[in-house]
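Quick notes on the structure that follows.
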DNA sequence: CTAAAATTGCGACCATAGTCGACTTTTTAC
DNA sequence: GTAAAAAGTCGACTATGGTCGCAATTTTAG
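Chains as they are written, first to last, in this note's numbering: chain F, 4 to 211; chain E, 4 to 211.
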């Protein structure tokens with residue numbers, strides 16, 4: 004049986020996470036060294052690397068909690084019967100505001116989520132999964148309301164919309180957009196394009 | 004007049020780039036230290052930082068040449084009168100193959116292109132611009148052939164397609180897709196979705 | 001031509017992410 | 001109960017990206 008060790012492990016892990024939350028919040032990710040983290044958590048440096056592969060992974064774990072919070076917060080606010088576009092817009096903008104609250108924070112998180120390193124893939128995918136399932140729920144309802152084609156795979160619809168969010172986020176980091184308003188506008192346009200389609204024929208029925 | 008200094012500058016810069024090309028190609032980006040780079044180029048370490056802000060920026064400069072080559076290569080191959088979807092597919096797959104030829108190489112480049120750090124924004128945008136203009140050309144022709152709606156802003160169409168490419172690339176780095184074939188399939192599906200639109204009504208005319 | 005100003009070059013130096021091998025504690029097997 | 005195995009812990013150490021202040025070179029001004 005393994006009781007004592009498990010307990011300790013959880014405790015140590017929690018201590019590290021507590022230190023991370025404290026220090027990252029206080030001084031930011033970049034200005035917090037792993038040595039400091041270890042000291043604050045009251046453990047050795049290598050102990051930390053026993054629990055996390057890289058400093059970025061600690062950061063992802065730190066984000067996980069917050070993201071849960073943001074999601075449940077957004078879930079509360081959103082109206083599950085509102086038009087699809089509106090729901091997506093709210094979700095993405097909420098996400099955007101959270102992610103870019105701090106410039107570097109958002110970049111590190113985005114980089115690690117979209118192009119994860121081998122070592123952080125697992126954590127990154129955990130978060131992705133949560134994201135996709137939230138999105139999936141919205142989309143499924145939209146399909147049943149006949150707001151979305153039902154002949155497509157859910158994953159590709161999620162992917163499509165998610166892609167548009169990412170590109171807007173990217174434009175923000177490339178400094179193509181400077182204000183939140185521009186972001187909103189771009190997101191609206193792209194969502195409309197996705198719904199209506201880019202080929203000329205796909206739009207004819209709007210004029211009927 | 005400033006002749007001597009300019010000449011020297013160009014020479015030094017070239018020496019650094021030559022060293023970068025040699026070492027990055029030989030041992031990869033990660034396994035090449037800046038010290039080594041300096042030694043090979045025959046300059047001091049700080050001299051390098053006088054020409055580039057970060058190690059990643061050297062890498063971007065290194066990529067620039069290669070990307071030019073890839074583009075002109077793709078441009079040669081592509082048939083400017085082929086269906087839009089086909090042209091986009093060829094362009095993106097060509098890009099994908101180049102970028103992921105080496106796993107880490109592609110990740111670093113992608114990260115820096117999509118979510119650039121402040122210091123590398125400029126270089127990153129240089130490359131983006133080139134990319135967008137290549138894309139823009141294809142799209143403009145498609146519009147004039149009436150393969151694309153003409154009531155949209157070019158930038159948002161480019162952005163839309165580019166987004167789909169990025170999400171596929173991301174899925175690759177998340178290990179959602181393991182083979183090039185899966186990538187091709189996903190890209191095809193997403194491009195079709197973008198053309199046809201995701202709303203049910205947008206598709207009706209296909210059945211008329 | 002000369003001296004001051006500006007630019008460029010240099011490697012020792014610093015900060016810090018991540019590794020190593022020795023030490024301690026817990027579990028397992030008998 | 002005991003001893004071997006396994007898991008967990010530690011801080012000194014390594015490797016490396018990036019900075020600093022000073023020295024050398026080039027330009028400019030008179």
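Glycine included, each C-beta is placed from N, C-alpha and C at the ideal position.
Can you confirm whether residue i, when its beta carbon is compared against all beta carbons of chain F, has any partner nearer than 8 Å?
{"i": "residue 170 of chain E", "result": "yes"}
{"i": "residue 197 of chain E", "result": "yes"}
{"i": "residue 86 of chain E", "result": "no"}
{"i": "residue 63 of chain E", "result": "no"}
{"i": "residue 182 of chain E", "result": "no"}
{"i": "residue 70 of chain E", "result": "no"}
{"i": "residue 56 of chain E", "result": "no"}
{"i": "residue 187 of chain E", "result": "no"}
{"i": "residue 166 of chain E", "result": "yes"}
{"i": "residue 210 of chain E", "result": "Low confidence applies to residue 210 of chain E: its pLDDT is 45, below 50, so where it sits in the model is not reliable enough to give any reading."}
{"i": "residue 155 of chain E", "result": "yes"}
{"i": "residue 177 of chain E", "result": "yes"}
{"i": "residue 118 of chain E", "result": "yes"}
{"i": "residue 173 of chain E", "result": "yes"}
Helix, strand or coil, according to DSSP, for residue i in the structure here?
{"i": "residue 13 of chain E", "result": "helix"}
{"i": "residue 182 of chain E", "result": "coil"}
{"i": "residue 85 of chain F", "result": "coil"}
{"i": "residue 33 of chain E", "result": "coil"}
{"i": "residue 200 of chain E", "result": "coil"}
{"i": "residue 102 of chain F", "result": "helix"}
{"i": "residue 190 of chain F", "result": "helix"}
{"i": "residue 209 of chain E", "result": "Note that residue 209 of chain E scores a pLDDT of 47, beneath 50, so its modelled location is shaky and nothing firm can be said."}
{"i": "residue 55 of chain E", "result": "coil"}
{"i": "residue 94 of chain F", "result": "helix"}
{"i": "residue 5 of chain E", "result": "Because the pLDDT of residue 5 of chain E is 44, which lies under 50, any placement of that residue in the model is unreliable, and the number read from its coordinates should be weighed accordingly. Residue 5 of chain E: coil per DSSP, three-state reduction."}
{"i": "residue 40 of chain F", "result": "helix"}
{"i": "residue 21 of chain E", "result": "helix"}
{"i": "residue 26 of chain F", "result": "helix"}
{"i": "residue 121 of chain F", "result": "helix"}
Does the CB of residue i have a neighbour CB from chain E at under 8 Å?
{"i": "residue 192 of chain F", "result": "yes"}
{"i": "residue 31 of chain F", "result": "no"}
{"i": "residue 220 of chain F", "result": "Residue 220 of chain F falls outside the range modelled here, since chain F spans only 4 to 211, and no answer is possible."}
{"i": "residue 67 of chain F", "result": "no"}
{"i": "residue 52 of chain F", "result": "no"}
{"i": "residue 201 of chain F", "result": "yes"}
{"i": "residue 15 of chain F", "result": "no"}
{"i": "residue 160 of chain F", "result": "yes"}
{"i": "residue 60 of chain F", "result": "no"}
{"i": "residue 36 of chain F", "result": "no"}
{"i": "residue 152 of chain F", "result": "yes"}
{"i": "residue 28 of chain F", "result": "no"}
If you follow the alpha helix (DSSP H) that residue i is part of, which residue opens it and which one closes it?
{"i": "residue 76 of chain F", "result": "58 to 80"}
{"i": "residue 109 of chain E", "result": "106 to 117"}
{"i": "residue 139 of chain E", "result": "124 to 147"}
{"i": "residue 172 of chain F", "result": "157 to 176"}
{"i": "residue 47 of chain E", "result": "Segment: none, residue 47 of chain E is in no alpha helix (DSSP H) and carries neither H nor E."}
request  = Closer than 8 Å, Cβ to Cβ, to anything on chain E: give me those residues from the region 122 to 150 of chain F, in chain order.
outcome  = 124, 127, 128, 131, 149 and 150
query = Looking at chain E, which residues of the region 94 to 116 of chain F have a Cβ within less than 7 Å of any of its Cβ atoms?
reply = 110, 113 and 114
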